[in-house]
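**Student:** Here you go, one structure.
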Amino acid sequence: MILAVIVGLAIGTYAFRLAGVVLRERVALPERVQVLLPMAAAALLAALAATATFYDSGVFAGVARPAGVAVGALLAWRRAPFVLVVVAAAATAALLRLAGLD
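This is the structure:
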């Protein structure tokens, strides 16, 4: 059953990407839409990141996760190496959970 779901999603993803290539010349989007599409993608990604940061199964995730994300975002903004960003964010969240601030 799970294999059928994976294959179905793979076929759907491939078909969706192929449709973009095939229909690119046939469908003309207004210039305003072409300008707004990249911003819409960034807004959706930001909304997904915010939701994953603050909520877990519809309930507030606690203080540790947002603090870890904040530390990671700060280090990424300061252009720290990726491994340092990940380790510092994870360590921050782990230490806060260890301190009981879950």
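Residue 25 in numbering that gives the first Met the number 0 sits at position 26 of the sequence shown, and the numbers go up by one each step.
From the three backbone atoms N, C-alpha and C, an ideal C-beta is built for every residue, glycine too.
It should be emphasised that the depicted structure is a prediction, and the values quoted were computed from it without experimental measurement.
With three or more C-beta pairs closer than 8 Å as the rule, is the region 63-72 touching the region 28-45?
**Tutor:** no
**Student:** Does the count of Cβ pairs from the region 78-90 and the region 41-56 closer than 8 Å reach three?
**Tutor:** no
**Student:** Alpha carbon to alpha carbon, what distance is there between S56 and T91?
**Tutor:** By 1-based counting over the sequence shown, the position of residue 91 is 92. By 1-based counting over the sequence shown, the position of residue 56 is 57. Approximately 22 Å, taken between the alpha carbons.
**Student:** Tell me, to the nearest whole angstrom, how far the beta carbon of A87 is from that of G71; I am working on the premise that it is less than 8 Å.
**Tutor:** Here residue 87 is taken as the residue at index 88 of the sequence shown, counted from 1. Here residue 71 is taken as the residue at index 72 of the sequence shown, counted from 1. The pair is a contact, with the Cβ atoms about 7 Å apart (cut-off 8 Å).
**Student:** What residue from V84, W76, A75 and A63 has the CA that sits closest to A93's CA?
**Tutor:** What you label residue 93 is simply residue 94 of the sequence shown in a count that begins at 1. In this structure, A63 is the residue among V84, W76, A75 and A63 with its C-alpha nearest to the C-alpha of A93.
**Student:** Going along the chain, which residues of its own chain have a beta-carbon closer than 8 Å to the beta-carbon of V85, five neighbours each way excluded?
**Tutor:** Locating residue 85 in the sequence shown gives position 86, counting from the first residue. Taken in chain order, the residues that qualify are G71.
**Student:** Please report the straight-line C-alpha distance between A75 and A89, rounded to a whole angstrom.
**Tutor:** One-based indexing of the sequence shown puts residue 75 at position 76. One-based indexing of the sequence shown puts residue 89 at position 90. About 14 Å.
**Student:** For V58, which three-state DSSP category applies?
**Tutor:** Translated into positions along the sequence shown, residue 58 becomes position 59. Here V58 sits in strand by DSSP.
**Student:** Can you tell me whether DSSP reads L22 as helix, strand or coil?
**Tutor:** To locate residue 22, count along the sequence shown from 1; it is residue 23. Of the three classes helix, strand and coil, the one that applies to L22 here is helix, per DSSP.
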